[in-house]
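**Student:**
Protein chains: 2
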Amino acid sequence: MGESRGAELLWGSRGKTARPQRLALTVDRIADAAIEVADAEGMAAVSMQHVAAQLEVTKMALYRHVASKAELVAVMIESAVGEPPDLTTVPGGWRPRLVRWADLMRAAWDRHPWLPAATTGERLTGPREVGWTESAVAALADTGLDGSERMDAVFLLSGHIRNTQSAATAGTQPWTAEKHLRDILRDHSHRFPALLEAEGSTNGSARDNGWSFGLERILDGLAVLIDSRR
Amino acid sequence: MGESRGAELLWGSRGKTARPQRLALTVDRIADAAIEVADAEGMAAVSMQHVAAQLEVTKMALYRHVASKAELVAVMIESAVGEPPDLTTVPGGWRPRLVRWADLMRAAWDRHPWLPAATTGERLTGPREVGWTESAVAALADTGLDGSERMDAVFLLSGHIRNTQSAATAGTQPWTAEKHLRDILRDHSHRFPALLEAEGSTNGSARDNGWSFGLERILDGLAVLIDSRR
DNA sequence: ACACCTTGTGTCCGCCGGACACACAAGTTA
DNA sequence: TAACTTGTGTGTCCGGCGGACACAAGGTGT
Numbered sequence: 004m005g006e007s008r009g010a011e012l013l014w015g016s017r018g019k020t021a022r023p024q025r026l027a028l029t030v031d032r033i034a035d036a037a038i039e040v041a042d043a044e045g046m047a048a049v050s051m052q053h054v055a056a057q058l059e060v061t062k063m064a065l066y067r068h069v070a071s072k073a074e075l076v077a078v079m080i081e082s083a084v085g086e087p088p089d090l091t092t093v094p095g096g097w098r099p100r101l102v103r104w105a106d107l108m109r110a111a112w113d114r115h116p117w118l119p120a121a122t123t124g125e126r127l128t129g130p131r132e133v134g135w136t137e138s139a140v141a142a143l144a145d146t147g148l149d150g151s152e153r154m155d156a157v158f159l160l161s162g163h164i165r166n167t168q169s170a171a172t173a174g175t176q177p178w179t180a181e182k183h184l185r186d187i188l189r190d191h192s193h194r195f196p197a198l199l200e201a202e203g204s205t206n207g208s209a210r211d212n213g214w215s216f217g218l219e220r221i222l223d224g225l226a227v228l229i230d231s232r233r
Numbered sequence: 004m005g006e007s008r009g010a011e012l013l014w015g016s017r018g019k020t021a022r023p024q025r026l027a028l029t030v031d032r033i034a035d036a037a038i039e040v041a042d043a044e045g046m047a048a049v050s051m052q053h054v055a056a057q058l059e060v061t062k063m064a065l066y067r068h069v070a071s072k073a074e075l076v077a078v079m080i081e082s083a084v085g086e087p088p089d090l091t092t093v094p095g096g097w098r099p100r101l102v103r104w105a106d107l108m109r110a111a112w113d114r115h116p117w118l119p120a121a122t123t124g125e126r127l128t129g130p131r132e133v134g135w136t137e138s139a140v141a142a143l144a145d146t147g148l149d150g151s152e153r154m155d156a157v158f159l160l161s162g163h164i165r166n167t168q169s170a171a172t173a174g175t176q177p178w179t180a181e182k183h184l185r186d187i188l189r190d191h192s193h194r195f196p197a198l199l200e201a202e203g204s205t206n207g208s209a210r211d212n213g214w215s216f217g218l219e220r221i222l223d224g225l226a227v228l229i230d231s232r233r
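If you're matching them up, the sequences are chains A and B in order.
Sequence positions in the first sequence follow the numbering used here and run 4 to 233.
Sequence positions in the second sequence follow the numbering used here and run 4 to 233.
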C-alpha cells in the first residue's frame, strides 16, 4: 500500500506533496470504520488491514491509536451498545422495566448483528456495558431478591438476548437451522419423531427465534419467585 | 516437518525405511487428538498443525480424512456431546425429565469446556446433536404446548446451558468477571450503585454462574404456561 | 510385471496480528 | 533562525493460520 512516490517527486509540486489534508486518525474514527465493516460484512471481515483500508491508511497506523485488535473490538462494542437507558421513569414496577430494558437492548443488538460474535470469550469490558447491567439490576431493587439473585436474573435475561440474536444471524443451533433442519428431517425423520411432529404442529406463530416466548417464560419464572418472597 | 532423508538413504536399511508401522490415520483418531488438544489447551489451540503434530503427521495428511477444519470441528462436537439420553424412563412428567436432560447436557459440556466456543456461528450439525434436541422436545410431548412452543422451550433451556458454560470458562460477561467487576466497582462505585449494593447483599449462595437459578426460573416459567393450558 | 489407487509429504499462497525501524511535519527551545 | 523533540503514518519482516496442488511410495488387482 502507498504507491511509489517517484513520479510525484519528479513531476509533482514537490513542496507540499506528502501528507495531504486528510482527516486526522482518531480512536473514534477507527471504531466507526470498524463498525461500518462489521455491520456490512460481519465480524469475520474485521481485520486490521480491512479497517485500515477503509480509512485509506496502513494497518500499522491504527496501532498508534489502539494497542491491539482486542482493544479495537472493545471500543467497537462500547460504541455500538450505546448509553444505558434510564428505566426509573417506566411505570408498573420491575416487570415493565425489564421488558423495556430487554427491548432496548435487543434493538441495539439488532442494529449491530456482530455483537454476539464480538462479545464471546475473554475480553475487556467497558463502562457502558457495565452500565446496562447496572440499569437492569436497579430495576430489580424492590423485588425482595438478594444481590446474587438479582445478578443471576439479569444474567439469565441478557443471555436470552444473546442467544436469540446469535441464532438470528447464524443458523447456529440445530433447532434454528430452519432449512437445514427440514432437510435432515426429510431424510432421517424416523430417527427424530418428536421433532417431526413439533415441526408439523406449529400454530403458525411469528418466527422470532423464540425471543418473545423465552422472554415471557423468564419473566413469569421471576414473578413466581418474587411473589413467593412477599 | 519430516527431516531430510538423505543420511537415511545412504546409511539406513534402504529397503523398508519409509512409512514405519505406525497406526493408520482415521477420522476418529484425528477427532480424538483434536479433542485432547481442545480439552487441554482450549479451542484456540486447535489448528490443523497442532492436531497433526499430536499425531506425528503433517497437517496435510489430515485433509485426506476431513475436508476442512470446519468438518473436523463438527466431528469433534459430535464425538464430544455423546449419545443423546433416553428420558422416557424418568418418572414424574416433563419437569423431572427436563431437569435430567439439562443435568446430563451440562455434564457433557463440563467435560469439554470448549464446546461453547466450538458451537457458535454458522456450522454443520450432526445427528447426535439433533438427537439431544429430539430428546428434550419429546419430553414436552404431553404438555399441551404446540410444536413451535416446544421448540422454543428447548431453545431457551439449551441457551441457558450454553450461557452458563461459556461464562464458566471465560469471564466473558460483565456480571461474571468476578475479580474484574470488583475492581471496576472499587474505582467507579458511584456510577454503579445498584451493582455495588447487589455485590454486597448476596446471601452467600454457591457460585455456579446462575446455573441453578436460571434453570429453576425457566422451568417455573414453563410450568406457568403449561398449567394455564390445562 | 505392471498399472492403479490410497495415503502421507513438501512447497507454495494469501491473510492474519503484531514488532520494529524509519520518514517527516509541527512545535519547542536556544 | 537552527537544532531538537514529539507525534503520526509507512514499509518490511516474522510466525502462524487454512488450504491448493504436485509428488512419492506403499499396497493391491490383473
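Even for Gly, the Cβ is constructed at its ideal location relative to N, Cα and C.
(1) I'd like to know if M154 of chain B contacts chain A, where contact means its C-beta is closer than 8 Å to some C-beta of that chain.
(2) Is there at least one Cβ from chain B nearer than 8 Å to R194 of chain A's Cβ?
(3) For L228 of chain A, would you say it is in contact with chain B, using Cβ-to-Cβ distances shorter than 8 Å as the test?
(4) Applying the 10 Å Cβ sphere with the 16-neighbour rule, what's the burial state of P88 of chain A?
(5) Got a sec: which bits of the segment 74-87 of chain A sit with their beta carbon under 9 Å from any beta carbon on chain B, in order along the chain?
(6) Does the CB of T175 of chain B have a neighbour CB from chain A at under 8 Å?
(7) Is any beta-carbon of chain A found at less than 8 Å from that of P130 of chain B?
(8) What span of residues does the alpha helix (DSSP H) with N166 of chain B cover, start to end?
(9) Based on Cα-Cα distance, which residue from A:G134, A:V40 and A:L65 lies nearest to P116 of chain A?
(10) If the criterion is Cβ atoms closer than 8 Å, does the pair W104 of chain B and L90 of chain B meet it?
(11) Short of 8 Å Cβ to Cβ, which residues in the segment 105-116 of chain A face chain B?
(12) Can the beta-carbon of A47 of chain A be found closer than 8 Å to that of V76 of chain A?
(13) What is the rounded straight-line gap between the Cα of Q24 of chain B and the Cα of G124 of chain B?
(14) Can you look up A27 of chain A in the DSSP assignment and give me helix, strand or coil?
(15) For R220 of chain A and chain B, any beta-carbon pair shorter than 8 Å?
(16) If you follow the alpha helix (DSSP H) that R100 of chain A is in, where does it begin and where does it stop?
(17) Mind listing the chain A neighbours of E246 of chain B? Cutoff is C-beta to C-beta under 7 Å, in chain order.
(18) Please tell me whether I33 of chain A has its Cβ less than 8 Å away from any Cβ of chain B.
(19) Three or more C-beta pairs under 8 Å: does that hold for the segment 131-141 of chain B against the segment 143-161 of chain A?
(20) Once you ignore the five residues that flank I33 of chain A on each side, which residues in its own chain have a CB closer than 8 Å to its CB?
(21) Could you tell me the distance, in whole angstroms, from the CA atom of T29 of chain B to the CA atom of G162 of chain B?
(22) With DSSP run on the structure shown, which of helix, strand or coil describes A1 of chain B?
(23) Apply the 10 Å Cβ neighbour rule to V169 of chain A and answer buried if 16 or more other Cβ atoms are within range, or exposed otherwise.
(24) Assuming contact is defined by CB atoms lying nearer than 8 Å, are L160 of chain A and G213 of chain B in contact in what I supplied?
(25) So, with DSSP's three-state summary, where would you put L58 of chain B?
(26) From V227 of chain B to G134 of chain B, what distance separates their C-alpha atoms?
(27) Does DSSP put R8 of chain B in a helix, a strand or coil?
(28) Assuming A156 of chain B contacts L118 of chain B (C-beta within less than 8 Å), just tell me the rounded distance between them.
(29) Give me the Cα-Cα distance between L218 of chain A and E86 of chain A, rounded to the nearest whole angstrom.
(30) Roughly how many whole angstroms lie between the Cα atoms of L107 of chain B and F195 of chain A?
(31) Name, please, each residue of chain B whose Cβ falls closer than 9 Å to the Cβ of G224 of chain A.
(32) Assign S122 of chain A to one of three DSSP states: helix, strand, or coil.
(33) Helix, strand or coil for R189 of chain B? Go by DSSP, reduced to three states.
(34) Taking only beta-carbon positions, decide if L101 of chain A is within less than 8 Å of chain B.
(35) Please list the terminal residues of the continuous alpha helix (DSSP H) segment that includes R232 of chain B.
(36) Taking the alpha-carbon of N206 of chain A as reference, which of B:D186, B:G129, B:R153 and B:T172 has the nearest alpha-carbon?
**Tutor:** On the basis of the coordinates in this document:
(1) Counting from one through the second sequence, the residue named residue 154 of chain B turns up at place 151. True, the Cβ-Cβ gap to chain A drops below 8 Å.
(2) Residue mapping note: residue 194 of chain A aligns to position 191 of the first sequence, counting from 1. By this cut-off, R194 of chain A is an interface position.
(3) As a position in the first sequence, residue 228 of chain A is number 225, starting the count at 1. Chain B contact via Cβ: present.
(4) Here residue 88 of chain A is taken as the residue at index 85 of the first sequence, counted from 1. Buried.
(5) none
(6) Sequence index remark: in the second sequence, residue 175 of chain B carries index 172 (1-based). With a pLDDT of only 45 at T175 of chain B, under the threshold of 50, the placement of this residue in the model should not be trusted; the figure read from the coordinates follows. T175 of chain B counts as touching chain A.
(7) Taking the second sequence and counting its residues from 1, one reaches residue 130 of chain B at position 127. It does: the Cβ of P130 of chain B has a partner Cβ on chain A nearer than 8 Å.
(8) Translated into positions along the second sequence, residue 166 of chain B becomes position 163. Counting along the chain, the alpha helix (DSSP H) containing N166 of chain B begins and ends at G150 to T172.
(9) If you number the first sequence from 1, residue 116 of chain A lands on position 113. P116 of chain A has its Cα closest to that of A:V40, out of A:G134, A:V40 and A:L65.
(10) Indexing the second sequence from 1 puts residue 104 of chain B at position 101. Indexing the second sequence from 1 puts residue 90 of chain B at position 87. Yes, Cβ-Cβ distance for W104 of chain B and L90 of chain B is below 8 Å.
(11) none
(12) What you label residue 47 of chain A is simply residue 44 of the first sequence in a count that begins at 1. What you label residue 76 of chain A is simply residue 73 of the first sequence in a count that begins at 1. No.
(13) Within the second sequence, the letter at position 21 stands for residue 24 of chain B. Within the second sequence, the letter at position 121 stands for residue 124 of chain B. At Q24 of chain B the pLDDT is 49, less than 50, meaning the model places this residue with poor confidence; the figure from the coordinates comes in the next sentence. One C-alpha to the other measures close to 40 Å.
(14) Position 24 of the first sequence, counting from 1, holds the residue named residue 27 of chain A. Residue state, collapsed to three classes: coil.
(15) Your numbering for residue 220 of chain A matches position 217 in the first sequence. It does: the Cβ of R220 of chain A has a partner Cβ on chain B nearer than 8 Å.
(16) Your numbering for residue 100 of chain A matches position 97 in the first sequence. It spans W97 to R114 - the alpha helix (DSSP H) in which R100 of chain A sits, taken as one unbroken run.
(17) Look at the range of chain B in this structure, 4 to 233, and you will see that residue 246 of chain B is not part of it.
(18) Residue 33 of chain A sits at position 30 when you count from the first residue of the first sequence. Judged by the 8 Å Cβ criterion, I33 of chain A is not in contact with chain B.
(19) no
(20) Locating residue 33 of chain A in the first sequence gives position 30, where the first residue counts as 1. Same-chain partners within the cutoff: V54, L58, L65, H68, V69, L75 and V78.
(21) Along the second sequence, read from residue 1 onward, the residue named residue 29 of chain B stands at position 26. Along the second sequence, read from residue 1 onward, the residue named residue 162 of chain B stands at position 159. If I take the Cα positions, the gap works out to 33 Å.
(22) With chain B running from 4 to 233 in the structure shown, residue 1 of chain B is simply not present.
(23) On the first sequence, residue 169 of chain A is found 166 positions in, with the first residue counted as 1. Residue 169 of chain A is actually Ser in this sequence, not Val. Buried, because 16 or more other Cβ atoms sit within 10 Å of the Cβ of S169 of chain A.
(24) Within the first sequence, residue 160 of chain A is the residue found at index 157, counting from 1. Within the second sequence, residue 213 of chain B is the residue found at index 210, counting from 1. No, Cβ-Cβ distance for L160 of chain A and G213 of chain B is not below 8 Å.
(25) Taking the first residue of the second sequence as 1, we reach residue 58 of chain B at position 55. In the structure shown, L58 of chain B sits in coil (DSSP, three-state: anything other than H, G, I, E or B).
(26) The residue given as residue 227 of chain B occupies position 224 in the second sequence. The residue given as residue 134 of chain B occupies position 131 in the second sequence. Their backbone Cα atoms lie some 27 Å apart in a straight line.
(27) As a working note, residue 8 of chain B is residue 5 in the second sequence. For R8 of chain B, the predicted structure reports a pLDDT of 38, less than 50, and the residue's modelled location is therefore unreliable. A value from the coordinates is still provided. Reduced to three states, the DSSP call for R8 of chain B is coil.
(28) As a first step, residue 156 of chain B is located in the second sequence; it is residue number 153 there, counting from the start. As a first step, residue 118 of chain B is located in the second sequence; it is residue number 115 there, counting from the start. Not confirmed; about 21 Å, so no contact.
(29) Numbered from 1 along the first sequence, position 215 holds the residue referred to as residue 218 of chain A. Numbered from 1 along the first sequence, position 83 holds the residue referred to as residue 86 of chain A. Roughly 22 Å separates the two Cα atoms.
(30) Translated into positions along the second sequence, residue 107 of chain B becomes position 104. Translated into positions along the first sequence, residue 195 of chain A becomes position 192. Distance between the alpha carbons of L107 of chain B and F195 of chain A: 19 Å.
(31) Translated into positions along the first sequence, residue 224 of chain A becomes position 221. Neighbours of G224 of chain A on chain B, chain order: G217, E219, R220, I221, L222, D223, G224, L225, A226 and V227.
(32) Here the question's residue 122 of chain A lines up with position 119 in the first sequence. The amino acid occupying residue 122 of chain A in the given sequence is Thr; Ser does not appear at that position. It is coil, neither helix nor strand.
(33) Residue numbering aside, residue 189 of chain B sits at position 186 when the second sequence is read from its first letter. Note: R189 of chain B maps to helix in three-state DSSP.
(34) Position 98 of the first sequence, counting from 1, holds the residue named residue 101 of chain A. By this cut-off, L101 of chain A is not an interface position.
(35) Locating residue 232 of chain B in the second sequence gives position 229, counting from the first residue. First-last for R232 of chain B: undefined, no H or E at that position.
(36) Position 203 of the first sequence, counted from the start, is the residue given in the question as residue 206 of chain A. The shortest C-alpha separation from N206 of chain A is found at B:R153.
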